[in-house]
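First residue of the sequence shown: 63, per our numbering; consecutive thereafter.
Just so it is clear, CB atoms sit at the ideal spot from N, CA and C, and this is done for glycine as well.
First comes the structure, then the notes that go with it.
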Amino acid sequence: MRYIGMAMILILIGFDLNAAETVAPAARESLRGLPGVHVLIEDISPDAQADGLSKGEIQTAVELILRSAGIRILTVSETLATPSQSYLHIHVGTNKSKPERYALSVRLQLWQQVFLVQRPAHTMSAPTYMESGTGTFSSRMLRDAISEVIEPMVKTFANNFLAVNPR
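Following this line, the structure appears as structure tokens:
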């Protein structure tokens, strides 16, 4: 039964990574005209931190990819001064199922100010772009989640950003 569960996770990983390459045109179009993004990484669970997954390392890797692509990283005050108030939010969820094994899920979302069609004066923050990914890692290899799951998602985001905002 355990092997069936692992096989299902591997199948889901394969489907998820393929789906990340295709982004809906409306999601890509929502990136047009943005001056850059602020990067917000959610806190990492204490057990994952103890096994080497660091919020700081994720932040550095994400910002390096975006800067290398020519995408400006905005400070909080710069973000609040833009009409879109866009920020790239990354959530890394971990579940330590055994002493030496993690299931990992990553959600990357671009949030920005939007308005309701029926009430244009009413604005709110909402995700306009999203990708997700999953993986399983041993405790010793948990840091590899950055290069194997998070970085490819950020690169896809950067490519979509640049497709509608050529430099």
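Residues near residue i by beta carbon distance below 6 Å, same chain, minus five either side
{"i": "H151", "result": "L102, Q171 and W173"}
{"i": "V168", "result": "V154, G195, V211 and I212"}
Classification of residue i by the beta-carbon crowding that lies within 10 angstroms, buried from 16 upward
{"i": "N221", "result": "exposed"}
{"i": "M186", "result": "exposed"}
{"i": "A188", "result": "exposed"}
{"i": "G95", "result": "exposed"}
{"i": "S159", "result": "exposed"}
{"i": "A110", "result": "buried"}
{"i": "H100", "result": "buried"}
{"i": "D113", "result": "buried"}
{"i": "T137", "result": "exposed"}
{"i": "F223", "result": "buried"}
{"i": "E162", "result": "exposed"}
Span separating the alpha-carbon of residue i from that of residue j
{"i": "V179", "j": "P108", "result": "42 Å"}
{"i": "S139", "j": "S148", "result": "12 Å"}
{"i": "L93", "j": "A225", "result": "9 Å"}
{"i": "V216", "j": "I127", "result": "7 Å"}
{"i": "H184", "j": "S146", "result": "14 Å"}
{"i": "R134", "j": "L142", "result": "15 Å"}
{"i": "E83", "j": "G118", "result": "Annotation note: pLDDT 48 at E83 (below 50); position unreliable, coordinate value reported separately. Going from the Cα of E83 to the Cα of G118 covers about 26 Å."}
Same chain, Cβ closer than 7 Å to residue i, five either side skipped, listed in chain order
{"i": "A207", "result": "L115, L166, G197 and F199"}
Run of the beta strand (DSSP E) containing residue i, from where it starts to where it stops
{"i": "N227", "result": "No beta strand (DSSP E) contains N227, which DSSP labels as neither H nor E."}
{"i": "L102", "result": "H100 to I103"}
Endpoints, alpha helix (DSSP H) assigned at residue i
{"i": "L150", "result": "L150 -> not in any alpha helix (DSSP H); beta strand (DSSP E) instead, spanning Y149 to K160."}
{"i": "R129", "result": "K117 to S130"}
{"i": "Q180", "result": "Neither: Q180 is in no alpha helix (DSSP H) and is coded neither H nor E."}
{"i": "L142", "result": "V138 to A143"}
{"i": "A110", "result": "P108 to A112"}
{"i": "P87", "result": "P87 to E91"}
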